[in-house]
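Peer 1: Chains A and D supply the protein sequences, listed in that same order. Take the first sequence: its letters are residues 1 to 171, numbered as in full-length UniProt numbering. Take the second sequence: its letters are residues 1 to 816, numbered as in full-length UniProt numbering.
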Amino acid sequence: MFFIKELEKTIQLHPSYFGPLIRSHIHRELLLKEEGSSTGKFTIVCILDSFEISDGQVIAGSGAAEYTVHYKAIVWRPYKGEVMDGIVTSVIRAGFFVECGSLQAFVGRAMIPTDIKFDANATPAQWTDNGDQIIEKGTHIRIKIKGLRSEVDKMFAIGTMKEDYLGPLQQ
Amino acid sequence: MKITSPPNLRYPITISDLARKPGDKVKRSDTLFTYDYETYVEEGNKMGEYVKVLKTFPVRFESFLDGIVEKWFIKIGTVIERPGVALLEIEEPCTHETQFGGLCVNCGEDMTEIDYLTKEANSERATVNMTHDNVALLISKKEAIRAEEDSKQRLLNARKLSLIVDLDQTVIHTTCERTIAEWKEDPNNPNYEAVKDVQGFQLADDNVAHVAANWYYVKMRPGLADFFENMSKLYEMHIYTMATRAYAQEVARIIDPQRKYFGDRILSRDENYTDKLKSLHRLFPNNTDLAVIIDDRADIWGYCENLVRVPVFNFFPGAGDINASFLPKQQELVTQTPKVKTVEANAKTGSGTGSEDTPAVSIAGKPADTTSTETTNGAVNLEQQLLSMGAGDSQEALEEHLKEQEKVIITQQTERPLLQQQLVLDKEDEEAEVADASQTIEDGSTQPIEHHKHRHSLLHDDDRGLEVVAANLRLIHNTFYDEYLKKRAVPHSGRVAELKGQKSPKKPLLETVAPDVAEIMPRLKRQTLNGCVIVFSGIIPLGMDVEHSDFALWVKSFGAEISTSVNRQTTHVIANPDRKTTKVKRAARYPNIQIVNAEWMFQCCTRWEHVDETPYLIELDDADRIGSPVEGLDDDSLDASEEEGGGGGVGDEPSVQLAMSDNEWSSMRDELQDFLNESSDTDGASASDSESVRSTGSTQSESKRSKKRKRRNKTESNDGSEAEDSDASVSSASRLEKKKRRTMERVTSLTNVTNADKSSGLPSPETTGPEEDQVDDEGKVFDPQGGGADLDESDYDDSLEAMMAAEFEKTASDEE
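1. Starting from S154 (chain D), find everything on chain A with Cβ-Cβ shorter than 7 Å and list it in chain order.
2. Contact defined as beta carbons within less than 8 Å: I believe L103 (chain D) pairs with I3 (chain D). What is the distance between those atoms, to the nearest angstrom?
3. Tell me the DSSP secondary structure of A158 (chain D) in three-state form.
4. Indicate the three-state DSSP secondary structure (helix, strand or coil) for P168 (chain A) in the structure shown.
5. Relative to the C-alpha of N314 (chain D), which residue among D:T414, D:L167 and D:N189 is closest?
6. Cβ atoms of L459 (chain D) and N191 (chain D): under 7 Å apart, would you say?
7. Tell me whether Y590 (chain D) is buried or exposed, calling it buried when 16 or more other Cβ atoms sit within 10 Å of its Cβ.
8. For R712 (chain D) and T614 (chain D), I'd like the C-alpha separation in whole angstroms.
9. Which full runs of the beta strand (DSSP E) of 3+ residues lie inside the stretch 505-566 of chain D, going along the chain?
10. Measure the C-alpha to C-alpha separation of R221 (chain D) and D463 (chain D) and round it to an integer number of angstroms.
11. Sorted by chain position, which residues of the same chain lie with C-beta nearer than 7 Å to S268 (chain D)'s C-beta, five sequence neighbours on each side aside?
12. For the stretch 75-83 of chain A and the stretch 55-63 of chain A, state whether three or more C-beta atom pairs, one from each stretch, are separated by less than 8 Å.
13. Please identify the residue among A:K154, A:K137 and A:A125 whose C-alpha is closest to the C-alpha of residue 823 (chain D).
14. Span of the alpha helix (DSSP H) holding V584 (chain D)?
15. Candidates D:Q202, D:R297, D:R488 and D:E271: which alpha carbon is nearest R253 (chain D)'s?
16. Under the rule that 16 or more other beta-carbon atoms within 10 Å means buried, what is S667 (chain D), buried or exposed?
17. Name the residue from A:I143, A:E163 and A:D55 whose alpha carbon lies nearest to the alpha carbon of C100 (chain A).
18. Mind pulling the chain D residues with CB within less than 7 Å of P124 (chain A)?
19. Are the stretch 151-164 of chain D and the stretch 283-295 of chain D touching by the rule of at least three beta carbon pairs closer than 8 Å?
20. Determine the extent of the alpha helix (DSSP H) in which residue 173 (chain A) is found, giving its start and end residues.
21. Just to confirm before moving on: does the CB-CB distance between T43 (chain A) and M111 (chain A) stay below 7 Å?
22. Under 7 Å between the Cβ atoms of L466 (chain D) and G223 (chain D)?
23. Do you know whose CA, among D:D115, D:D197 and D:D264, lies nearest D461 (chain D)'s CA?
24. Counting only beta-carbon atoms, is A94 (chain A) nearer than 7 Å to chain D?
25. Do you know whose CA, among A:K146, A:S150 and A:I74, lies nearest G40 (chain A)'s CA?
26. Which residues mark the beginning and the end of the beta strand (DSSP E) in which Q202 (chain D) is found?
27. Where does Y235 (chain D) sit, in a helix, a strand or coil, going by DSSP?
28. Would you say the stretch 575-588 of chain D touches the stretch 520-537 of chain D, given that touching needs at least three Cβ pairs under 8 Å?
29. For V408 (chain D), which of D:D110, D:K556, D:T174 and D:E236 has the nearest alpha-carbon?
30. Can you pull the chain B neighbours of G108 (chain A), defined as C-beta to C-beta under 8 Å?
31. Output, in chain order, the set of chain D residues within a Cβ distance shorter than 8 Å of G147 (chain A).
32. Can you grab the Cα-Cα spacing for the pair N134 (chain D) / E271 (chain D), in whole Å?
33. Between W72 (chain D) and P22 (chain D), what straight-line distance do the alpha-carbon atoms span, to the nearest angstrom?
34. Determine the chain D residues that contact V45 (chain A) at a beta-carbon separation under 9 Å, and present them in chain order.
35. Mind checking V88 (chain A): buried by the 16 CB within 10 Å criterion, or exposed?
36. Comparing the C-beta of I158 (chain A) with each C-beta of chain D, is any distance below 7 Å?
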């Protein structure tokens with residue numbers, strides 16, 4: 001699910017950037033470092049333009065200046081039970097891996113409808129019901145999150161396909 | 001799951017109540033049963049005294065599992081004395097056999113949670129990783145066995161095996177030098193032909209040396225497409241490389257554009273857990289029966305039995321393996337590269353690139369940037385490697401390795417060693433041209449001038465390693481399935497017997513039916529050098545454990561034995577041709593020892609066949625062959641010749657042991673002596689007495705032997721041995737030698753003459769020249785035993801004897 005969230009970030013700037021363009025430097029630094037990063041709980045998708053920069057403070061001993069920036073960003077946080085779309089990155093006998101933006105999900109054998117079977121002899125290997133449902137690397141797929149766990153800078157999810165309207169998307 | 005009494009209770013305990021019946025649901029932290037235990041407690045009474053009292057306490061035993069109670073093994077009143085007693089069985093709804101990133105794949109629960117009830121973390125249930133491209137997915141041992149059994153059945157049905165393919169220097173060679181791109185663009189460049197199919201790529205996340213996106217140039221080993229096409233019918237192929245994932249994927253895109261050979265079966269350093277060793281168990285945790293590996297290095301596989309060692313593919317000279325800085329250093333090879341010879345040959349002939357001159361398998365030494373100091377890769381050092389692995393996990397070590405790799409790449413980018421080498425080569429060409437031009441003027445001959453435009457190329461597109469490997473892989477595949485079908489036929493007959501009403505043998509399991517590659521391969525390999533006893537000389541650096549050096553282990557896997565000293569059991573000495581070590585000199589005195597260069601070993605070990613030694617023999621002066629006349633040193637050789645026996649008559653003083661009578665021998669020797677003296681006289685050379693005296697029977701026969709051997713070599717291979725022979729004769733140091741050689745020639749020519757005598761009746765020794773070829777023919781023609789051209793090891797002695805006898809007869813009649 002997407003949210004707008006208020007966030008805070010401390011940015012250190014090298015003295016060579018001190019000058020009339022200092023605000024744009026800070027802005028660039030913020031976009032570069034924060035957009036696309038994952039905290040383990042959520043991913044920062046997009047930083048909104050309006051942000052507040054505190055007064056800078058020179059750090060003793062290094063000469064760099066420290067700014068605290070308050071900003072708003074669109075963040076994405078997956079929830080258990082959420083349905084989301086992703087792209088299959090790898091297909092193995094035990095299931096397949098799905099990438100949903102910054103989230104890596106795995107759909108196990110038990111989470112795949114029984115009529116879709118693994119075909120190891122196909123190149124590349126695929127899960128298929130020998131009809132129009134083929135799951136191979138690159139397939140766009142809709143899954144539901146069944147379990148979620150976060151580590152420091154990444155998240156893992158277990159997905160399922162065993163419900164209505166889930167599975168490969170027609171392209 | 002069966003629950004047993006845990007170790008942390010106050011035993012003995014008495015069960016007082018069972019809270020659940022079989023079939024009841026339990027949740028985590030629900031009470032399963034209650035029990036009592038007894039213990040002494042100090043109690044104070046009103047007088048202020050403390051007394052120890054035995055008391056009984058009731059305790060609830062809580063479930064640490066969800067599920068359904070299946071069965072109780074205890075009842076009310078049971079006394080449990082010790083830990084490990086079975087209490088009850090709980091049927092779990094999910095056994096968490098497959099886990100992804102700490103989550104159970106089947107129920108989605110977090111496996112890493114630990115609380116006061118946790119006996120064993122759930123994450124411990126799945127510890128095996130057999131996925132190629134992911135480290136987050138783990139499965140349990142049971143699941144792994146099941147999966148492997150599945151894929152094994154699938155492979156057996158498809159009549160395939162698994163093939164693990166290494167990338168760098170096995171099927172491709174990569175460099176970062178941008179010279180390659182320039183050469184590729186320039187059709188006039190001498191290297192254009194060789195580099196035109198080189199493909200380049202950049203890695204997006206590459207920030208090596210902070211140089212903007214570095215280019216990698218990949219050269220495929222010649223014949224790679226055919227190799228993959230053919231092998232994919234026999235093998236299911238996997239990539240296993242020590243490079244990064246991004247690199248491996250880019251290379252896979254180049255060597256397998258349609259992804260039909262490898263699919264997603266790519267395992268890289270990022271998923272290997274360690275960057276020091278490769279292990280089959282990473283992909284096949286329990287069952288490696290069907291796995292065959294091709295790699296150019298055996299040490300990182302721990303000299304695994306499933307490994308087919310491939311000759312190193314070194315296309316860009318000096319580039320080495322850019323991903324090898326993480327690996328233990330490879331031992332440097334002390335041998336000259338065959339390429340140098342090719343260049344020289346080209347200079348002589350002046351023809352095209354002349355790739356046909358090079359041996360079928362070019363095994364260039366490891367580039368010079370890999371040092372050989374303290375880098376033994378033996379099994380003994382495995383421990384050290386493991387130790388260093390522990391240290392290697394530290395961030396510092398990793399950074400060090402990365403820096404090293406960076407350095408290699410920067411060197412390639414900035415110094416451009418290939419370009420420099422080509423420039424040197426061009427310069428040499430120019431010089432040669434000038435020399436050539438002057439020569440043509442002198443000769444006045446009509447040599448074609450077109451080759452003057454030709455510049456010698458640095459890169460040679462002539463590697464044939466894959467053909468050899470493909471042949472080996474085919475052999476393994478055939479042997480495996482021959483045996484498999486044979487073994488499978490047995491249970492069928494058992495079944496027939498069963499139908500006939502006879503007692504049937506137990507049907508063998510699949511495990512026993514399918515043969516094991518690790519058992520087949522050594523058997524095939526052992527035949528190659530079986531019975532050879534090999535001594536290394538000047539090959540393995542001093543101070544290194546010879547028995548466990550890389551080469552020794554390699555040779556041993558082909559059935560040869562390694563010995564550290566030359567003795568009569570020795571069959572081969574593998575020596576450095578540039579150095580005459582004492583071992584070589586010693587070995588030279590045993591006529592049965594083949595002194596060969598390292599190339600012979602590589603040929604044998606890559607082709608899996610006992611390659612003919614002749615082209616690899618190291619030329620030795622005849623002086624070396626004879627050995628020093630000092631008596632004391634010859635003890636061993638005496639023994640050796642005695643052992644040969646068989647009436648060879650080549651020993652020092654063999655008259656006592658041999659079947660021939662003493663009289664015969666002494667008369668023979670006398671005659672020979674006379675003849676030698678006489679012939680040297682007729683030659684007009686001043687034969688000093690001391691010399692002729694010294695030429696005893698032993699030296700004589702010794703020299704004859706070496707002579708004969710040379711001849712034999714020639715019959716087996718005609719290439720270049722003429723030069724060898726003349727070289728040898730030129731370099732023969734002593735005059736005595738020269739004289740003897742001439743005598744020999746005369747002897748043989750004389751025999752020839754008498755042979756012709758019967759037809760033409762013109763006995764003139766001068767008619768036959770000293771050409772060795774002729775001598776050869778004569779040897780064949782004049783074998784009185786009718787052995788013909790066959791001068792094999794077996795009847796070698798016999799024919800020698802026969803020839804000697806014949807010669808003596810003729811000379812005797814001549815003199816009369």
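For every residue, glycine included, the Cβ atom is placed at its ideal position computed from N, Cα and C. Nothing here was measured: the structure is a model prediction, and the numbers come from that model.
Peer 2: Short version:
1. In the second sequence, counting from the first residue as 1, residue 154 (chain D) sits at position 154. Sequence inspection shows Arg at residue 154 (chain D); the Ser mentioned does not correspond to that position. Neighbours of R154 (chain D) on chain A, chain order: A120.
2. On the second sequence, position 103 is the one that residue 103 (chain D) refers to. On the second sequence, position 3 is the one that residue 3 (chain D) refers to. Contact doesn't hold; Cβ gap of about 24 Å is too wide.
3. As a working mapping, residue 158 (chain D) is identified with position 158 in the second sequence. Three-state DSSP puts A158 (chain D) in coil, outside helix and strand.
4. Position 168 of the first sequence, counted from the first residue, corresponds to residue 168 (chain A). P168 (chain A): strand per DSSP, three-state reduction.
5. For the purposes of this step, residue 314 (chain D) is taken as residue 314 along the second sequence, with counting starting at 1. Nearest neighbour of N314 (chain D) by Cα position, chosen from D:T414, D:L167 and D:N189, turns out to be D:L167.
6. Here residue 191 (chain D) refers to the residue found at position 191 of the second sequence. Here residue 459 (chain D) refers to the residue found at position 459 of the second sequence. A contact, by the Cβ cut-off of 7 Å.
7. Numbered from its first residue, the second sequence carries residue 590 (chain D) at position 590. Flag for Y590 (chain D) reads buried.
8. Residue mapping note: residue 712 (chain D) aligns to position 712 of the second sequence, counting from 1. Residue mapping note: residue 614 (chain D) aligns to position 614 of the second sequence, counting from 1. At R712 (chain D), the pLDDT of 49 sits below 50, so the modelled position is not reliable and the matter cannot be decided from this model.
9. If we require 3 residues or more, the beta strand (DSSP E) runs fully inside the stretch 505-566 of chain D come out as 533-537 and 561-563.
10. Your numbering for residue 221 (chain D) matches position 221 in the second sequence. Your numbering for residue 463 (chain D) matches position 463 in the second sequence. Approximately 7 Å between the Cα atoms of the pair.
11. For the purposes of this step, residue 268 (chain D) is taken as the residue at position 268 of the second sequence. Contacts found: T241, A243, T244, R245 and A248.
12. no
13. Summary: the structure shown does not reach residue 823 (chain D), with chain D confined to residues 1 through 816, and so no result is reported for it.
14. What you label residue 584 (chain D) is simply residue 584 of the second sequence in a count that begins at 1. Residues T582 to A588.
15. On the second sequence, position 253 is the one that residue 253 (chain D) refers to. The residue with the shortest Cα to Cα distance from R253 (chain D) is D:Q202.
16. For the purposes of this step, residue 667 (chain D) is taken as the residue at position 667 of the second sequence. Classification for S667 (chain D): exposed.
17. For the purposes of this step, residue 100 (chain A) is taken as residue 100 along the first sequence, with counting starting at 1. Minimum Cα distance to C100 (chain A) is reached at A:I143.
18. Residue 124 (chain A) sits at position 124 when you count from the first residue of the first sequence. Going along chain D in sequence order, the residues near P124 (chain A) (Cβ under 7 Å) are R259, G263 and D264.
19. yes
20. Any question about residue 173 (chain A) goes unanswered here, given that chain A covers just 1 to 171.
21. Along the first sequence, read from residue 1 onward, the residue named residue 43 (chain A) stands at position 43. Along the first sequence, read from residue 1 onward, the residue named residue 111 (chain A) stands at position 111. No; because the gap between Cβ atoms is not below 7 Å, this pair is not in contact.
22. In the second sequence, the residue the question calls residue 466 (chain D) occupies position 466. In the second sequence, the residue the question calls residue 223 (chain D) occupies position 223. Cβ atoms of L466 (chain D) and G223 (chain D): closer than 7 Å.
23. If you number the second sequence from 1, residue 461 (chain D) lands on position 461. If we check each option's Cα against that of D461 (chain D), D:D197 comes out closest.
24. As a position in the first sequence, residue 94 (chain A) is number 94, starting the count at 1. For A94 (chain A), the answer is yes, since a Cβ of chain D falls inside 7 Å of its Cβ.
25. One-based indexing of the first sequence puts residue 40 (chain A) at position 40. Nearest of A:K146, A:S150 and A:I74 to G40 (chain A), Cα basis: A:S150.
26. The residue labelled residue 202 (chain D) in the question sits at position 202 within the second sequence. It spans Q199 to Q202 - the beta strand (DSSP E) in which Q202 (chain D) sits, taken as one unbroken run.
27. For the purposes of this step, residue 235 (chain D) is taken as residue 235 along the second sequence, with counting starting at 1. Under the three-state reduction of DSSP, Y235 (chain D) is assigned to strand.
28. yes
29. As a position in the second sequence, residue 408 (chain D) is number 408, starting the count at 1. Looking at the Cα atoms, D:T174 is the closest of the given residues.
30. Looking for chain B here will not work: the only protein chains present are A and D.
31. The count along the first sequence starts at 1 and reaches residue 147 (chain A) at position 147. The answer, in chain order, is L103, C104, C107, G108, E109 and D110.
32. Counting from 1 along the second sequence, the entry for residue 134 (chain D) is found at position 134. Counting from 1 along the second sequence, the entry for residue 271 (chain D) is found at position 271. Each residue's Cα considered, the two are about 6 Å apart.
33. Counting from 1 along the second sequence, the entry for residue 72 (chain D) is found at position 72. Counting from 1 along the second sequence, the entry for residue 22 (chain D) is found at position 22. Their backbone Cα atoms lie some 7 Å apart in a straight line.
34. If you number the first sequence from 1, residue 45 (chain A) lands on position 45. Per Cβ cutoff of 9 Å: no residues; V45 (chain A) is ~21 Å from chain D at best.
35. Numbered from its first residue, the first sequence carries residue 88 (chain A) at position 88. Buried, because 16 or more other Cβ atoms sit within 10 Å of the Cβ of V88 (chain A).
36. Translated into the one-based positions of the first sequence, residue 158 (chain A) becomes position 158. I158 (chain A) counts as touching chain D.
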